[in-house]
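Same order as they appear, the protein sequences are chains A and B.
The number in our numbering is simply the position in the first sequence, starting from 1, with 1197 added.
The number in our numbering is simply the position in the second sequence, starting from 1, with 1197 added.
Glycine included, C-beta positions come from ideal geometry on N, C-alpha and C.
Number of protein chains: 2
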Amino acid sequence: MTAPQLRPEKRRPAVMEDVARLAGVSYQTVSRVLNDSPKVRADTRERVLAAIRQLDYRPNSVARALATGRSKTLGVVSFDTTLYGPASTLLGIERAAHDAGYGVSVSSLHSLNRGTVLAAIQQLRDQGVDGVVVIAPLRAGVDALRHLRTDVAVVAVAAGPNESIPVASIDQMAGAAAATRHLLSLGHKTVWHLAGPNDWKEAEERIEGWRSVLQAVGAPLPALLRGDWTARSGYELGQNLLEIPEVTAVFAANDQMALGLLRRLHEAGREVPRDLSIVGFDDIPEAAYFTPPLTTIRQDFTDLGRRCLYALLARIEGEAGPTRVVVAPELVVRGSTVAPPKR
Amino acid sequence: MTAPQLRPEKRRPAVMEDVARLAGVSYQTVSRVLNDSPKVRADTRERVLAAIRQLDYRPNSVARALATGRSKTLGVVSFDTTLYGPASTLLGIERAAHDAGYGVSVSSLHSLNRGTVLAAIQQLRDQGVDGVVVIAPLRAGVDALRHLRTDVAVVAVAAGPNESIPVASIDQMAGAAAATRHLLSLGHKTVWHLAGPNDWKEAEERIEGWRSVLQAVGAPLPALLRGDWTARSGYELGQNLLEIPEVTAVFAANDQMALGLLRRLHEAGREVPRDLSIVGFDDIPEAAYFTPPLTTIRQDFTDLGRRCLYALLARIEGEAGPTRVVVAPELVVRGSTVAPPKR
DNA sequence: AGGCCCAATGTTAGCGCTCACACTAGCTAT
DNA sequence: ATAGCTAGTGTGAGCGCTAACATTGGGCCT
């Protein structure tokens, strides 16, 4: 009674049964072709593929997920994806996941604590993801993972070591050490540090890297100045530094704080790098265009995302996989660092 | 034979059948409770809820999606989520979606053209999403949507008008006009413009807003300087501006280009705002800490995300919903703009 | 008291796919 | 020739849920 469908794609989307009928096989054979089972004769496979093309058939991944228990989807729990670091990490993970044939569901937290992290993981799990990456730069986020008792595979990124799940991160200590060593090698007697907030794992590790280098070479260890990643805090702490005449080199825990500091110094008539050398951290795209261009530490988030994804996929497959992934950062020297002024 | 399960959550996750058995009802009744159907007696409902709690039962959304054809999941196609604008838009959409009870799958494009956009939409659709938001700031992305023939609901964001699908965006012309008017009102004779790349819709609209204001007041219309959003391009175009002594006011199409310009001017010994006033666009978090703090146009991405989501949800429900959502931006005056120098 | 209705529940049939197995040829080995 | 293989295919069942219909048992009308 119904007219023959001239444009099959306009009707109810084709299902396996339709393909099977057109190709003159059973739907199981279609399924075999789709999952490239070796047990299909070459010409049968061709016939099925032709039918698939003709009907513009696309497998229903929801049905497949229900039948197999695998959704080919990964979850990412993240926090403030407006910041350069988290945004880049998310992008890196997402790219790697797509390349591996996985879709990505994200869940951005307003605040990072045990409850929100666990709830987000649970929610993603309920949504059917095969595994979850948690971008947990705050200590609270890492702690939450300790109490994780779920059947879903989880890896953490940018978090401190954790005994129960794999962790991928960029080597913050190495980066901070490189920044500090760079300044010392230019001839500075010591290096001051604008730190990030103390509940951020990365802030603490940058402090540790900075401190360990100073201690190793026997340089005096100045009191650290505690900021909160914002340019504002760098600006305000700049005031403190201005009151200490012997400061010649500063390592800021991120580029934004370095920017705030730059501005404060400029307002006070102090010239960078002539009077003071500054190193940042992150290498945000703007850093090369600060006044002066900022020497900083570049992190390869693409690599981080990819490698953390491999760890997760291994877990999903039931293999052990790496438990600890560390990506090395890189010092980028620009115009904000020179030898200290002669006195 | 098997030991009684002391900790039910350690065993195979409970399904509706288990809950039904424990509550002494059929699984259909459990389903009714879950979908709060009114046709369940209060005490039955209580019994079911108790069983759900006791077994830590969580509905399997994949199975539900298969049965209903609805996955309560949305897709977002985006492009370079490392940029402040797209990242913020994505975050806004994601928050709004979660508040509405939807999960979000993202697909980040390497490049934006007809093929990639359509492929990404198709892929999300195959993944079972109920609707898709396309963040399509490039003209190529918008064009792709014109050829969209799919059964999935789609809205575009940050794109130009489109006859077939709803579009949400921030009113770029209004923002650019506000920036230009602000400079003129300070007494500048005219305003120069560092534009964004010409394949970006937003860049073109900002040009249009700038041009229309100049024309409306009869101010001379300077040749526009074409950049590419990067601080580098702002820096390079700064060279051109330096060669034109009569320039007193510049409207940069984004904050990064303004930053590059700031640096170039500073190198040349020109002081902002004394010699030259500058307005940016976006209000990135760093803008308040440039040297000097940047007058700019703030965009409310959270609002944008929410409203574009409502448009999408309406479409999914089969209602018409808004076809055009426009969010007004806001001028933020800081230290980079003052009256022109007396000559 | 008989019929009727409605509220509350149960039953049946899928959603579109994959898994485990059963079957049919056409071979080889004995 | 007969059993025994294997490559290729088909059949049944079921993943966990919802939608539509079927059933039950009061309460109310006349």
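Would you kindly report the start and end of the unbroken beta strand (DSSP E) that includes Glu1527(A)? Glu1527 to Val1529
Thinking C-beta only, is Ile1481(B) closer than 9 angstroms to Tyr1281(B)? yes
Within-9 angstroms CB hit, Glu1291(A) to chain B: Residue-level contact by beta carbon holds for Glu1291(A) and chain B, with a gap shorter than 9 angstroms.
Can you give me the Cβ contacts of Ala1341(A) inside the same chain, cut-off strictly under 6 angstroms, excluding the 5 residues immediately before and after it? Arg1311, Val1314 and Leu1315
Mind listing, in chain order, the continuous alpha helix (DSSP H) runs of no fewer than 4 residues lying wholly within the region 1483-1527 of chain A? 1498-1513
Quick check: is the beta carbon of Gly1457(B) nearer than 9 angstroms to any beta carbon in chain A? yes
So what's Arg1238(A) in DSSP terms, helix, strand or just coil? coil
With 9 angstroms set as the bound, which would you pick, yes or no: does the beta-carbon of Gln1324(A) sit closer than that to a beta-carbon of chain B? yes
Does any residue of chain A bring its CB to less than 9 angstroms from the CB of Thr1492(B)? no
Would you mind telling me which residues of chain B sit closer than 8 angstroms to Thr1445(A), beta carbon to beta carbon, in chain order? The contacting residues do not exist; Thr1445(A) stays about 21 angstroms from chain B at best.
Going by beta-carbon coordinates alone, are Ala1365(B) and Gly1325(B) separated by less than 9 angstroms? no
Could you compute how far the alpha carbon of Gln1251(A) sits from the alpha carbon of Arg1209(A)? 14 angstroms
Continuous beta strand (DSSP E) stretch holding Leu1391(B): start and end: Trp1389 to Ala1392
Mind listing which residues of the region 1250-1268 of chain A have their C-beta closer than 8 angstroms to chain B's C-betas, in chain order? Arg1255, Pro1256, Asn1257, Ser1258, Val1259, Ala1260, Ala1262, Leu1263 and Ser1268
With a cut-off of 9 angstroms, does the C-beta of Glu1402(B) fall near any C-beta of chain A? no
If you drop the 5 nearest sequence neighbours on each side, which residues of the same chain put their C-beta closer than 7 angstroms to that of Arg1204(A)? For Arg1204(A), the predicted model reports a pLDDT of 38, less than 50, meaning its position is unreliable and no value from the coordinates is stated.
Unbroken alpha helix (DSSP H) run spanning Ile1475(B), endpoints: Where Ile1475(B) is concerned, there is no enclosing alpha helix (DSSP H), although the beta strand (DSSP E) it sits in stretches over Ser1474 to Val1476.
Classify Ser1304(B) as helix, strand or coil using the three-state DSSP reduction. strand
Taking the straight line between their C-alpha atoms, what separation do you get for Met1213(A) and Val1259(B)? 19 angstroms
Taking Cβ positions, are Ile1441(B) and Trp1389(B) nearer each other than 9 angstroms? yes
Could you name each continuous alpha helix (DSSP H) segment of 4 residues or more that falls completely within the region 1420-1474 of chain B, going from the start of the chain to the end? Considered as a whole, the region 1420-1474 of chain B harbours 1428-1439 and 1452-1464 as its complete alpha helix (DSSP H) runs of no fewer than 4 residues, in chain order.
With a threshold of 9 angstroms between beta-carbons, can Leu1534(B) be considered close to chain A, or not? Note that residue 1534(B) corresponds to Thr in the displayed sequence, not to Leu. For Thr1534(B), the answer is no, since every Cβ of chain A falls outside 9 angstroms of its Cβ.
Strictly below 7 angstroms CB to CB, what residues from chain A border Gly1300(B)? Ser1302 and Gln1324
Can at least three beta-carbon pairs, one atom from the region 1467-1482 of chain A and one from the region 1442-1452 of chain A, be found at a separation below 8 angstroms? Yes: at least three Cβ pairs fall under 8 angstroms.
Rounded straight-line distance, which links the Cα of Asn1257(A) to that of Arg1403(B): Going by the C-alpha atoms only, they are around 43 angstroms apart.
Compute the distance between the beta-carbons of Ala1355(B) and Gly1406(B), then report whether it is under 9 angstroms. no
Please confirm if Val1216(A) has its CB atom under 9 angstroms from at least one CB of chain B. no
Residues near Ser1304(B) in its chain [Cβ-Cβ closer than 8 angstroms; skip 5 each side]: Gly1272, Val1273, Val1274, Ser1275, Ala1317, Gln1320 and Leu1321
Can you name the residues of chain B whose CB is closer than 8 angstroms to the CB of His1463(A)? Thr1488
Could you tell me the distance, in whole angstroms, from the CA atom of Ala1413(A) to the CA atom of Glu1464(B)? Going by C-alpha positions, Ala1413(A) is about 38 angstroms away from Glu1464(B).
Buried or exposed for Gly1266(A), going by 16 or more other Cβ atoms inside 10 Å? exposed
Leu1271(B) lies in the alpha helix (DSSP H); which residues open and close that run? Here Leu1271(B) belongs to no alpha helix (DSSP H); instead the beta strand (DSSP E) covers Thr1270 to Phe1276.
Are the C-beta atoms of Gly1431(A) and some chain B residue less than 9 angstroms apart? yes
Does any C-beta atom of chain B lie closer than 9 angstroms to the C-beta of Ala1200(A)? Residue placement at Ala1200(A) cannot be trusted, given a pLDDT of 35 that sits under 50; what the coordinates show is reported in the next sentence. No, no contact with chain B.
By DSSP, does Ile1481(B) sit in helix, in strand, or in coil? coil
Might you give, ordered along the chain, the residues of its own chain that have their beta carbon closer than 7 angstroms to the beta carbon of Asp1497(B), omitting 5 neighbours on each side? The beta carbon of Asp1497(B) lies closer than 7 angstroms to those of Val1524 in the same chain, with the five residues before and after it left out.
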